[in-house]
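K.L.:
Residue numbers (the numbering used here), protein chains in the order written: chain A, 230 to 498; chain B, 394 to 691.
Below is one structure. I have some questions about it.
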Amino acid sequence: MNKLTATERLALIRQKNRPTVSDYIPVIFNNFLELHGDRHFGDDHAIIGGIATLNSIPVTILAQVKGRNIEENKRTNFSMPHPEGYRKALRLAKEAEKFHRPVICLVDTPGAFCGIEAEKRGQGEAIARNLMEFMTLRTPVVSVVLGEGGSGGALALAVCDELAMLENALYSVISPRGFASILWKDPGREKEACELMKITAEDLLGFGVCDKIISEAAGGAQNDMKLTASNIGEYLSEAISRISKTDIDIMLENRYNKFRKIGMFEEQP
Amino acid sequence: MLEDLFKVVKARFNDETAGKSEDSGENVSIPKDLLFKCPRCGTVAYMEDFEKNRRVCAACNYHARLKWQDRLNMTADADSFTEFDAGMIGKNPINFPDYEKKIREMQQKCETKEAVVTGECHIHGYRCCIGIMDSNFMMASMGSVVGEKITRLFEYATANKLPVILFTASGGARMQEGIVSLMQMAKTSGAIARHSQAGQLYITVLTDPTTGGVNASFASLGDIIIAEPKVLVGFAGRRVIQDTIKQQLPDDFQTAEFMLENGFADMIVERTMMRRTLARIMKLHNYEKEKPTAQAQK
Numbered sequence: 230m231n232k233l234t235a236t237e238r239l240a241l242i243r244q245k246n247r248p249t250v251s252d253y254i255p256v257i258f259n260n261f262l263e264l265h266g267d268r269h270f271g272d273d274h275a276i277i278g279g280i281a282t283l284n285s286i287p288v289t290i291l292a293q294v295k296g297r298n299i300e301e302n303k304r305t306n307f308s309m310p311h312p313e314g315y316r317k318a319l320r321l322a323k324e325a326e327k328f329h330r331p332v333i334c335l336v337d338t339p340g341a342f343c344g345i346e347a348e349k350r351g352q353g354e355a356i357a358r359n360l361m362e363f364m365t366l367r368t369p370v371v372s373v374v375l376g377e378g379g380s381g382g383a384l385a386l387a388v389c390d391e392l393a394m395l396e397n398a399l400y401s402v403i404s405p406r407g408f409a410s411i412l413w414k415d416p417g418r419e420k421e422a423c424e425l426m427k428i429t430a431e432d433l434l435g436f437g438v439c440d441k442i443i444s445e446a447a448g449g450a451q452n453d454m455k456l457t458a459s460n461i462g463e464y465l466s467e468a469i470s471r472i473s474k475t476d477i478d479i480m481l482e483n484r485y486n487k488f489r490k491i492g493m494f495e496e497q498p
Numbered sequence: 394m395l396e397d398l399f400k401v402v403k404a405r406f407n408d409e410t411a412g413k414s415e416d417s418g419e420n421v422s423i424p425k426d427l428l429f430k431c432p433r434c435g436t437v438a439y440m441e442d443f444e445k446n447r448r449v450c451a452a453c454n455y456h457a458r459l460k461w462q463d464r465l466n467m468t469a470d471a472d473s474f475t476e477f478d479a480g481m482i483g484k485n486p487i488n489f490p491d492y493e494k495k496i497r498e499m500q501q502k503c504e505t506k507e508a509v510v511t512g513e514c515h516i517h518g519y520r521c522c523i524g525i526m527d528s529n530f531m532m533a534s535m536g537s538v539v540g541e542k543i544t545r546l547f548e549y550a551t552a553n554k555l556p557v558i559l560f561t562a563s564g565g566a567r568m569q570e571g572i573v574s575l576m577q578m579a580k581t582s583g584a585i586a587r588h589s590q591a592g593q594l595y596i597t598v599l600t601d602p603t604t605g606g607v608n609a610s611f612a613s614l615g616d617i618i619i620a621e622p623k624v625l626v627g628f629a630g631r632r633v634i635q636d637t638i639k640q641q642l643p644d645d646f647q648t649a650e651f652m653l654e655n656g657f658a659d660m661i662v663e664r665t666m667m668r669r670t671l672a673r674i675m676k677l678h679n680y681e682k683e684k685p686t687a688q689a690q691k
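Written out as structure tokens, the structure reads:
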């Protein structure tokens, strides 16, 4: 199959019939027990969290929820979390750490929500706290970008031992539209931005951001959700079992270095 | 001294002139070098007076942006600063058109190779690591070099058991470096986690403006978070929020005072009090004075 361009992938992952975590979770995992709330402010439906089993092993799932229709999207805020969503994720990650349970993050968001309430409750602080705390979380963390990985709002669930991306998923510092708008003052140049930004799974493999590309069904995940789910499940089982065998201090050193080494610069005298 | 510290935490909502944005009364053109027009309250002052007042608006107390050299001179004891990684320059990870050219222009304009200057110094005799971001350099956006220099600063401080003080200012991640810039948020936060686990102190000083990916990483992770009066601090841009929610935003929205009110800053400190406040915090965290206080600079 010919590889799609970044712009074609952007269109594909924004299609209404693109499978979401609501489709995948029941197929990949068993016994999902949803847990609610950040214990400080409320329960954000843009991120669901809970415990399930993967091949009979308990895991904690933290997942950004795109809606499959308007009703669902109203509830999940088009998968744009508020600070309490990130704080819920951190609370559940800490709970997982306490019980030595691996954490699986499913990333699918255009970005963290931008609004008055989000600012009042410290959107920046909530994301920052997750980056810091996940870096030293003493249990395996594996993240998978399913569709859109939008900026800091995605990164807050992507500080991990290993990051995988679905074949057509994108992960970027800002949406292509935002990029064109900020750098060229012309949001109409979205497509050009999309191609320039290097945001496909292959690009990110090259930057060392992505560690593994998971195949989708031919023509996209929507054509065979079960097959795509099974590919995700297979990868997660393998990755979790492999990382769990590593000594925790070595695992944390590897996690630190995964991010530590990213950057392109030179040093002059 | 305690009273002094609290005096600077000004009443926050009684200042009618606060928060007027840049677009108010923009029709009068002002000779740039001669006069300063406050972006917050619109008051015009002679540049000379404004500079003498440490670039603080005499009318509304807005603490305007500083060049890194001025910030350093105001903060560190005389001749105590040693710079780290001065020769580090960025590459062009996504081949963004003319990025290198832009960087070269900025390097000449700002007399530094990148948007943050890091090193170690003494403040009132207390040895510490210091990082100063300069918004004149591409709005101090964070790319590879900013991320790497800050990460190295924390690693050095961890190894040498030193506190870190960062004067943050940034428009956010540097878009021109694509995903590599986003990863600097995780990288710096990781280095802070280790510094923190080693029991060392990190003080953040939020200066104008601290937004985006910097707000969502190291600027929000200080053990103690100080803000300068009236500065802009927030995650999302004002315009982005306005476009999203289609309503007017309150005047004090995303100011230092807003951060204090909502629990995301410990205190607001004026420029004239900054040195002694930083020294006092280091003292209270059991760091020891290494050198006699340099009284030459206040």
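Ideal placement from N, C-alpha and C gives every residue a C-beta, glycine not left out.
Bear in mind the structure is a predicted one, so any value in this text is a computation, not a measurement.
Ordered along the chain, which non-local residues of its own chain (more than five positions away) have a Cβ less than 7 Å from that of E541 (chain B)?
P.N.:
M481
K.L.:
Rounded to whole angstroms, what is the Cα-Cα separation between Y464 (chain A) and K487 (chain A)?
P.N.:
For Y464 (chain A) and K487 (chain A), the gap between their C-alpha atoms comes out near 19 Å.
K.L.:
Pull up the DSSP beta-bridge partners for E354 (chain A), would you.
P.N.:
DSSP, once it has assigned bridges, lists no residue as partnering E354 (chain A).
K.L.:
Give a yes or no on whether the minimum CB-CB distance between C334 (chain A) and chain B is below 7 Å.
P.N.:
no
K.L.:
When every heavy atom of the ligand ZN is checked, does at least one fall within less than 6 Å of the C-beta of S473 (chain B)?
P.N.:
Ligands displayed in this structure: none; no statement on the ligand ZN is therefore possible.
K.L.:
Specify the secondary structure class of Y519 (chain B) as computed by DSSP and reduced to three states.
P.N.:
Strand, per DSSP.
K.L.:
Is the separation between the beta-carbon of L559 (chain B) and that of T603 (chain B) shorter than 7 Å?
P.N.:
Contact check for L559 (chain B) against T603 (chain B) fails: the beta carbons are separated by 7 Å or more.
K.L.:
Rounded to whole angstroms, what's the CA-CA distance from K495 (chain B) to L433 (chain A)? Just pull it up for me.
P.N.:
25 Å
K.L.:
Mapping the DSSP letters down to three states, classify G279 (chain A) as helix, strand or coil.
P.N.:
strand
K.L.:
Can you confirm whether K580 (chain B), when its beta carbon is compared against all beta carbons of chain A, has any partner nearer than 7 Å?
P.N.:
Closer than 7 Å to some Cβ of chain A, the Cβ of K580 (chain B) qualifies, so yes.
K.L.:
Would you say E681 (chain B) reaches chain A, if we count a Cβ-Cβ gap shorter than 7 Å as a contact?
P.N.:
no
K.L.:
For a contact meaning CB atoms closer than 9 Å, what does F270 (chain A) contact in chain B?
P.N.:
Chain B residues near F270 (chain A): none, gap ~12 Å exceeds 9 Å.
K.L.:
For V438 (chain A), return the contacting residues in chain B, with the cut-off set at a CB-CB distance below 9 Å.
P.N.:
I572, V573, L575, M576
K.L.:
Starting from K441 (chain A), trace the beta strand (DSSP E) both ways and give me its first and last residue.
P.N.:
For K441 (chain A), the enclosing beta strand (DSSP E) begins and ends at 441–443.
K.L.:
Cα separation between P248 (chain A) and E301 (chain A)?
P.N.:
13 Å
K.L.:
Please report whether the beta-carbon of P556 (chain B) lies at a distance below 7 Å from any beta-carbon of chain A.
P.N.:
Contact with chain A is absent for P556 (chain B), since none of that chain's Cβ atoms lies less than 7 Å from the residue's Cβ.
K.L.:
Per DSSP, G456 (chain B) forms a beta bridge with which residues?
P.N.:
Per the sequence shown, the amino acid found at residue 456 (chain B) is His instead of Gly. In DSSP, H456 (chain B) forms a bridge with B:V449.
K.L.:
For the putative contact between P486 (chain B) and Y680 (chain B), defined by C-beta atoms under 8 Å, what is the C-beta separation to the nearest angstrom?
P.N.:
About 38 Å; that fails the 8 Å criterion.
K.L.:
To be precise: take each residue of the stretch 518–543 of chain B, compare its Cβ to all Cβ atoms of chain A, and keep it if any distance is under 7 Å. Which residues remain?
P.N.:
S537, V538, G540, E541
K.L.:
Among all the DSSP beta bridges, which residues are the ones paired with M526 (chain B)?
P.N.:
B:V509
K.L.:
For Q635 (chain B) and S380 (chain A), what's the separation of their Cα atoms in angstroms?
P.N.:
In a straight line, the C-alpha of Q635 (chain B) is about 19 Å away from that of S380 (chain A).
K.L.:
Leaving out the 5 sequence neighbours to the left and right, which residues in its chain are closer than 6 Å to K580 (chain B) when beta-carbon positions are compared?
P.N.:
So the qualifying residues of the chain are G540, T544.
K.L.:
Alpha carbon to alpha carbon, how far is R673 (chain B) from R433 (chain B)?
P.N.:
Straight-line Cα distance between these residues: approximately 30 Å.
K.L.:
Listing by chain order, which chain A residues have their CB less than 8 Å from the CB of P486 (chain B)?
P.N.:
K427, F436, M493
K.L.:
Taking only beta-carbon positions, decide if I290 (chain A) is within less than 7 Å of chain B.
P.N.:
Not a single C-beta of chain B is nearer than 7 Å to the C-beta of I290 (chain A).
K.L.:
With DSSP run on the structure shown, which of helix, strand or coil describes Q244 (chain A)?
P.N.:
The three-state reading of DSSP puts Q244 (chain A) in coil, since its state is none of H, G, I, E or B.
K.L.:
Cβ atoms of F530 (chain B) and A566 (chain B): under 7 Å apart, would you say?
P.N.:
Here A566 (chain B) is not near F530 (chain B), since their CB atoms are 7 Å or more apart.
K.L.:
If we call anything under 7 Å between Cβ atoms a contact, is P331 (chain A) one with D273 (chain A)?
P.N.:
no
K.L.:
So for S473 (chain B), helix, strand or coil by DSSP?
P.N.:
coil
K.L.:
What did DSSP end up calling A322 (chain A) once you bin it into helix, strand or coil?
P.N.:
helix
K.L.:
Which whole runs of the beta strand (DSSP E) in the stretch 592–663 of chain B are 3 residues long or more, in chain order?
P.N.:
Listed in chain order, the beta strand (DSSP E) runs fully inside the stretch 592–663 of chain B are 595–604, 617–620, counting runs of at least 3 residues.
K.L.:
Does the beta carbon of N466 (chain B) sit closer than 7 Å to a beta carbon anywhere in chain A?
P.N.:
no
K.L.:
Could you check whether the Cβ of T637 (chain B) sits closer than 7 Å to any Cβ belonging to chain A?
P.N.:
Residue contact check for T637 (chain B) against chain A: a CB pair falls below 7 Å.
K.L.:
With three or more C-beta pairs closer than 8 Å as the rule, is the stretch 383–390 of chain A touching the stretch 640–649 of chain B?
P.N.:
no
K.L.:
Taking one C-beta from the stretch 445–462 of chain A and one from the stretch 441–449 of chain B each time, how about it: are there three or more such pairs within less than 8 Å?
P.N.:
The answer is no - the stretch 441–449 of chain B does not touch the stretch 445–462 of chain A, with fewer than three Cβ pairs under 8 Å.
K.L.:
Between which two residues does the beta strand (DSSP E) carrying M394 (chain A) extend?
P.N.:
391–395
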